[in-house]
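> The structure's right below; bear with me while I get my questions together.
2 protein chains.
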Amino acid sequence: MYNNKRATIKQVAKAAGVSTQTVSRVINNRPDVAPETRERVRTVIDEMGYQPSALARSLIQQRSYTLGVVTAGLKYIGPSRTLNGITSQAETMGYTLLLKELSHFDTEDIEPIVSNLLSRHVDGIVWAVPEVGENHQWVEHALTDIPVPIVFLTMEKRPKLSIVKIDNYFGAKVATEHLLQQGYRHIGHISGPMDWWESRQRKAGWSAALQEAGLTVADSQCAEGNWSSSSGESAFIKLRSQFPEMDAIFVANDQMALSVLQQACRQGISVPAQLGVVGFDGLAESPYYWPSLTTVVQDQHLLGCTTVEEIVRVIEQRRGKEIPTEPQTIIFQPELAVRNSSIRSK
Amino acid sequence: MYNNKRATIKQVAKAAGVSTQTVSRVINNRPDVAPETRERVRTVIDEMGYQPSALARSLIQQRSYTLGVVTAGLKYIGPSRTLNGITSQAETMGYTLLLKELSHFDTEDIEPIVSNLLSRHVDGIVWAVPEVGENHQWVEHALTDIPVPIVFLTMEKRPKLSIVKIDNYFGAKVATEHLLQQGYRHIGHISGPMDWWESRQRKAGWSAALQEAGLTVADSQCAEGNWSSSSGESAFIKLRSQFPEMDAIFVANDQMALSVLQQACRQGISVPAQLGVVGFDGLAESPYYWPSLTTVVQDQHLLGCTTVEEIVRVIEQRRGKEIPTEPQTIIFQPELAVRNSSIRSK
DNA sequence: CTGAAAGCGCTAACAC
DNA sequence: GTGTTAGCGCTTTCAG
Numbered sequence: 014m015y016n017n018k019r020a021t022i023k024q025v026a027k028a029a030g031v032s033t034q035t036v037s038r039v040i041n042n043r044p045d046v047a048p049e050t051r052e053r054v055r056t057v058i059d060e061m062g063y064q065p066s067a068l069a070r071s072l073i074q075q076r077s078y079t080l081g082v083v084t085a086g087l088k089y090i091g092p093s094r095t096l097n098g099i100t101s102q103a104e105t106m107g108y109t110l111l112l113k114e115l116s117h118f119d120t121e122d123i124e125p126i127v128s129n130l131l132s133r134h135v136d137g138i139v140w141a142v143p144e145v146g147e148n149h150q151w152v153e154h155a156l157t158d159i160p161v162p163i164v165f166l167t168m169e170k171r172p173k174l175s176i177v178k179i180d181n182y183f184g185a186k187v188a189t190e191h192l193l194q195q196g197y198r199h200i201g202h203i204s205g206p207m208d209w210w211e212s213r214q215r216k217a218g219w220s221a222a223l224q225e226a227g228l229t230v231a232d233s234q235c236a237e238g239n240w241s242s243s244s245g246e247s248a249f250i251k252l253r254s255q256f257p258e259m260d261a262i263f264v265a266n267d268q269m270a271l272s273v274l275q276q277a278c279r280q281g282i283s284v285p286a287q288l289g290v291v292g293f294d295g296l297a298e299s300p301y302y303w304p305s306l307t308t309v310v311q312d313q314h315l316l317g318c319t320t321v322e323e324i325v326r327v328i329e330q331r332r333g334k335e336i337p338t339e340p341q342t343i344i345f346q347p348e349l350a351v352r353n354s355s356i357r358s359k
Numbered sequence: 014m015y016n017n018k019r020a021t022i023k024q025v026a027k028a029a030g031v032s033t034q035t036v037s038r039v040i041n042n043r044p045d046v047a048p049e050t051r052e053r054v055r056t057v058i059d060e061m062g063y064q065p066s067a068l069a070r071s072l073i074q075q076r077s078y079t080l081g082v083v084t085a086g087l088k089y090i091g092p093s094r095t096l097n098g099i100t101s102q103a104e105t106m107g108y109t110l111l112l113k114e115l116s117h118f119d120t121e122d123i124e125p126i127v128s129n130l131l132s133r134h135v136d137g138i139v140w141a142v143p144e145v146g147e148n149h150q151w152v153e154h155a156l157t158d159i160p161v162p163i164v165f166l167t168m169e170k171r172p173k174l175s176i177v178k179i180d181n182y183f184g185a186k187v188a189t190e191h192l193l194q195q196g197y198r199h200i201g202h203i204s205g206p207m208d209w210w211e212s213r214q215r216k217a218g219w220s221a222a223l224q225e226a227g228l229t230v231a232d233s234q235c236a237e238g239n240w241s242s243s244s245g246e247s248a249f250i251k252l253r254s255q256f257p258e259m260d261a262i263f264v265a266n267d268q269m270a271l272s273v274l275q276q277a278c279r280q281g282i283s284v285p286a287q288l289g290v291v292g293f294d295g296l297a298e299s300p301y302y303w304p305s306l307t308t309v310v311q312d313q314h315l316l317g318c319t320t321v322e323e324i325v326r327v328i329e330q331r332r333g334k335e336i337p338t339e340p341q342t343i344i345f346q347p348e349l350a351v352r353n354s355s356i357r358s359k
């Protein structure tokens, strides 16, 4: 299938008794080659197991069909699901990925990462790092200097940037409204870390739903977690003591919601009768929690796919010297999956 | 930080009034450059934001400092954790990754994937796809033809291959022995899909532990799942009917174990008093299941790190014209985390 | 210490 | 139809 040393176009040309140019024409399916020459060259190519070097091609064509992907937190399921979408769409569209994972979510010095990708001539960059702290600050300064298109995932709207994201505010609001509809009136919240933009959006959605229902929102109704089950446990305990009348809770992700369910079980609080619980994410396991968890489902796979589609669109556009359209913001609305943890009615 | 068009070495040379070779010497920290020339060139480089092209370098040096990573199932947490280890170790060792994800675990036609990686001049390949069905069959034929080193994760031992893996058999055996120690005598098993090598290993470990304890192992004591919580539920129901005396169960992964716990809870079976449960994986959430889950912890991050270390070692070795050492098999022993779901004593 | 020439593997532009 | 020349951006001889 492969020869031990990769053959070069020169060797193929020699073996087929033609010039390298002719071989080039054959491998690129150019029309102006005599059918029988083409045939002969093809045969030699197969025999030698020749594969053209994508590197050499990239150099001369000034185009690599390679995308840089910058991510963080692959040990968590969310970023991985997004990456899964990115890889599958990239494969479909004929692009290869260079992967970089930041060691921390809040890495601010992204210069070496971007430099490395650019030195490898990526055609575009997908920035799939959640917005945490100041970690997106650099876009203000550096962006116009980066010579390839970038599409961002999951960040606050900024002018002139292409962004693909899920509407966290909306999802949180829908979740909270569902609890209100079920007749719960004292609805607490366990948030993600407040330096995460997504956490703030989800909290804002929860808060807005309560206010629109004419309820007040006090600080004591919210506790901060860090996405882990462990932090969810402490947050729940804290919340119970500072907000004893709580009869329902909107939790910013499913893993923390899981430990709320577990604690409730341990303390003999019946869910959903005494406590309604709604999570966020739509983990595959969430229907198998006890009781099954009502949650806001976000399709991160689709998010990844769309991002790749979008960046390829921008790349093609720029290359075709078309008038670049304004950067787009693409927003997906997540959906509420209603299950047992929040159904009080009847 | 970056100029809008990437500067070339030629432009830098011209601006600094030297030849391109001199610039080359400066960026490669070669000794034989006059200090003041070096200084001048450095200044120009900074001003122009010049970054050498890794592509051009790879071409001429016949070395790219790039690794191909082939994975599958990134939407599951296991493969992602491994990938997380791979990225971090690659970063540490100065390698960049080209990522390919197979669309199915049992993809047999890997030729286009490998070709693509080779055409991009990867220095080595990490094959991080679990062994399922015939999906590793190709190694028998194609391997010697692939001109770069490959290291495999998680596959059956084969001669002449470098493999890094976790000892699934051992982990499963330890888990089962633990249940025996706790006094359980009728120990069932929910396996993963039997076309997975890992599933077969875990089942074999369970079976061996029972036999060594002088217990018989019947087909009725085992049911097959497909790793998902959903399949765990059906498998558990089936197992209860075909093996009613079951007092403990070793489940091949945590997600299926989760639904066993949930079903037990729903049916009023008390864990661990009436039913001992042990899982496999060591998911971060597993301590927060109810009751907290005893599980075999596998460090997939470490697995990924080690794989990269190993392949870089082989690459260096081959490049240094050293006598290649025999391909290694590196095996990690997983550890049992004992928690409430299996503690019957006292 | 520095530069000129050659070439990594390929393709664009032109000849014939 | 096909070959020649030039060059993508860099490094490796080898002069000087």
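These protein sequences, in sequence, are chains V and D.
The numbering of the first sequence is the numbering used here, which starts it at 14 and goes up by one.
The numbering of the second sequence is the numbering used here, which starts it at 14 and goes up by one.
For every residue, glycine included, the Cβ atom is placed at its ideal position computed from N, Cα and C.
(1) Got a sec, what are the start and stop residues for the beta strand (DSSP E) V/T8 sits in?
(2) Name the DSSP beta bridge partners of V/W151, please?
(3) V/K88 CB to nearest chain D CB: under 8 Å?
(4) Per the DSSP calculation, D/V83 is bridged to which residue(s)?
(5) Output needed for V/W210: all residues of its chain with C-beta closer than 6 Å, excluding positions within five of it in sequence on either side, in chain order.
(6) When every heavy atom of the ligand COA is checked, does at least one fall within less than 7 Å of the C-beta of V/T56?
(7) Under the rule that 16 or more other beta-carbon atoms within 10 Å means buried, what is D/D45, buried or exposed?
(8) What does a CB cutoff of less than 8 Å around V/V57 pick up in its chain, not counting 5 residues either side in sequence?
(9) With a CB to CB cut of under 6 Å and the five nearest residues on each side skipped, what residues in its chain are close to D/K113?
(10) Three or more beta-carbon pairs under 8 Å between the stretch 252-261 of chain D and the stretch 283-293 of chain D, yes or no?
(11) Identify the contact partners of D/P65 in chain V, using a Cβ-Cβ distance below 8 Å as the criterion.
(12) Considering just the uninterrupted stretch of the alpha helix (DSSP H) at V/I99, what are its terminal residues?
(13) Using a Cβ-Cβ distance cut-off of 8 Å, determine whether D/E52 contacts chain V.
(14) Measuring straight from C-alpha to C-alpha, what distance separates V/L96 and V/L111?
(15) Taking the beta carbon of V/G4 as the centre, do at least 16 other beta carbons fall within 10 Å, making it buried, or is it exposed?
(16) Can you give the beta carbon distance from D/Q275 to V/W303, rounded, assuming they're within the 8 Å contact cut?
(17) Would you decide whether V/S355 is buried or exposed? Buried here means 16 or more other CB atoms lie within 10 Å of its CB.
(18) State yes or no: is the beta carbon of D/N97 nearer than 8 Å to at least one beta carbon in chain V?
(19) Counting only beta-carbon separations shorter than 8 Å, does V/V25 have a partner in chain D?
(20) Given a cut-off of 8 Å on the beta-carbon distance, is the pair D/H134 and V/S66 in contact?
(21) Only counting the same chain, and skipping five residues up and downstream in sequence, which positions put a Cβ closer than 6 Å to that of D/S272?
(22) Provide the residue span of the beta strand (DSSP E) that contains D/K173, from first to last.
(23) Does any C-beta atom of chain V lie closer than 8 Å to the C-beta of D/T109?
(24) Please return the same chain residues whose Cβ sits closer than 8 Å to the Cβ of D/Q330, not counting the five positions on each side in sequence.
(25) Please go through the same chain and pick out, in chain order, the residues whose beta-carbon is closer than 8 Å to the beta-carbon of D/Y78, but skip the five residues on each side of it.
(26) I'd like to know whether the C-beta of D/Y15 is nearer than 8 Å to at least one C-beta of chain V.
(27) Would a C-beta distance cut-off of 8 Å place D/R215 and D/F293 closer than the cut-off?
(28) Based on the DSSP secondary-structure assignment, which residues constitute the bridge partners of V/F263?
(29) Could you give the DSSP three-state label for D/F165: helix, strand or coil?
(30) Checking contacts by CB at 8 Å: is D/P160 closer than that to chain V?
(31) In three-state terms, what does DSSP make of D/E348?
(32) Alpha helix (DSSP H) containing V/V46: first to last residue?
(33) Between which residues of its own chain and V/K173 is the CB-CB distance below 8 Å, once the five residues before and five after are set aside?
(34) Could you compute how far the alpha carbon of V/S32 sits from the alpha carbon of V/V39?
(35) Which residues does DSSP list as the beta-bridge partners of D/A236?
(36) I'd like the span of the beta strand (DSSP E) that includes V/V327, first residue to last.
Let me lay it out:
(1) The shown model of chain V, from 14 to 359, leaves out residue 8 of chain V, and the question about it has no answer.
(2) Here residue 151 of chain V is taken as the residue at index 138 of the first sequence, counted from 1. BP columns for V/W151 are empty, so no partner.
(3) Translated into positions along the first sequence, residue 88 of chain V becomes position 75. When Cβ-Cβ separations below 8 Å define contact, V/K88 makes contact with chain D.
(4) Sequence index remark: in the second sequence, residue 83 of chain D carries index 70 (1-based). Its beta-bridge partners are D/K113 and D/W140.
(5) By 1-based counting over the first sequence, the position of residue 210 of chain V is 197. Cβ neighbours of V/W210 beyond the five flanking positions: E144 and E169.
(6) The ligand content of the structure shown is nil, which means the ligand COA is not present either.
(7) Position 32 of the second sequence, counted from the first residue, corresponds to residue 45 of chain D. Exposed is the call here.
(8) Position 44 of the first sequence, counted from the start, is the residue given in the question as residue 57 of chain V. So the qualifying residues of the chain are V25, A28, A29 and Y63.
(9) What you label residue 113 of chain D is simply residue 100 of the second sequence in a count that begins at 1. These residues qualify, in order along the chain: V83 and I126.
(10) yes
(11) Within the second sequence, the letter at position 52 stands for residue 65 of chain D. By Cβ distance, chain V contributes S132.
(12) Position 86 of the first sequence, counting from 1, holds the residue named residue 99 of chain V. It spans I90 to M106 - the alpha helix (DSSP H) in which V/I99 sits, taken as one unbroken run.
(13) As a position in the second sequence, residue 52 of chain D is number 39, starting the count at 1. D/E52 does not count as touching chain V.
(14) Within the first sequence, the letter at position 83 stands for residue 96 of chain V. Within the first sequence, the letter at position 98 stands for residue 111 of chain V. Going from the Cα of V/L96 to the Cα of V/L111 covers about 12 Å.
(15) Examination of residue 4 of chain V is not possible in this model, given that chain V is present from 14 through 359 alone.
(16) What you label residue 275 of chain D is simply residue 262 of the second sequence in a count that begins at 1. What you label residue 303 of chain V is simply residue 290 of the first sequence in a count that begins at 1. Under the criterion of beta carbons closer than 8 Å, D/Q275 and V/W303 qualify as touching, at roughly 4 Å.
(17) Here residue 355 of chain V is taken as the residue at index 342 of the first sequence, counted from 1. By the 10 Å Cβ count, V/S355 comes out buried.
(18) Counting from one through the second sequence, the residue named residue 97 of chain D turns up at place 84. Yes, because at least one Cβ of chain V sits closer than 8 Å to the Cβ of D/N97.
(19) Within the first sequence, residue 25 of chain V is the residue found at index 12, counting from 1. By this cut-off, V/V25 is not an interface position.
(20) Looking up residue 134 of chain D in the second sequence gives position 121. Looking up residue 66 of chain V in the first sequence gives position 53. It is a contact, given that the beta carbons lie within the stated cut-off.
(21) For this step, residue 272 of chain D is matched to residue 259 along the second sequence. Within the same chain, D/S272 has close Cβ partners S242, G245 and E246.
(22) Position 160 of the second sequence, counted from the first residue, corresponds to residue 173 of chain D. Premise fails: D/K173 is in no beta strand (DSSP E) and is neither H nor E.
(23) Here residue 109 of chain D refers to the residue found at position 96 of the second sequence. Closer than 8 Å to some Cβ of chain V, the Cβ of D/T109 qualifies, so yes.
(24) Here residue 330 of chain D refers to the residue found at position 317 when the second sequence is read from its first residue. P337 and T338, listed in sequence order.
(25) Position 65 of the second sequence, counting from 1, holds the residue named residue 78 of chain D. Correct list, in chain order: A67, S71, G107, Y108, T109 and D136.
(26) Counted from its first residue, the second sequence places residue 15 of chain D at position 2. Caution is warranted here: a pLDDT of 44 is assigned to D/Y15, below 50, making its placement in the model unreliable, and the coordinate value is therefore given only provisionally. By the rule that beta-carbons nearer than 8 Å mark a contact, D/Y15 touches chain V.
(27) Translated into the one-based positions of the second sequence, residue 215 of chain D becomes position 202. Translated into the one-based positions of the second sequence, residue 293 of chain D becomes position 280. Closer than 8 Å, so yes.
(28) Taking the first sequence and counting its residues from 1, the one referred to as residue 263 of chain V is at position 250. DSSP, once it has assigned bridges, lists V/H202 and V/V291 as partnering V/F263.
(29) On the second sequence, residue 165 of chain D is found 152 positions in, with the first residue counted as 1. Residue state, collapsed to three classes: strand.
(30) Here residue 160 of chain D refers to the residue found at position 147 of the second sequence. Taking Cβ atoms only, chain V reaches closer than 8 Å to D/P160, which makes this a yes.
(31) Position 335 of the second sequence, counted from the start, is the residue given in the question as residue 348 of chain D. Three-state DSSP puts D/E348 in a strand.
(32) Taking the first residue of the first sequence as position 1, residue 46 of chain V is located at position 33. Looking at the DSSP string, V/V46 is not in any alpha helix (DSSP H), and its letter there is neither H nor E.
(33) Counting from one through the first sequence, the residue named residue 173 of chain V turns up at place 160. Excluding the 5 residues flanking it on each side, V/K173 has same chain C-beta neighbours closer than 8 Å at L156 and P340, in chain order.
(34) Locating residue 32 of chain V in the first sequence gives position 19, counting from the first residue. Locating residue 39 of chain V in the first sequence gives position 26, counting from the first residue. Between V/S32 and V/V39, the C-alpha separation is close to 11 Å.
(35) Working through the second sequence from its first residue, we reach residue 236 of chain D at position 223. Answer by DSSP bridge pairing, in chain order: D/I203.
(36) Locating residue 327 of chain V in the first sequence gives position 314, counting from the first residue. It is not in any beta strand (DSSP E) - V/V327 instead sits in the alpha helix (DSSP H) that spans Q313 to R332.
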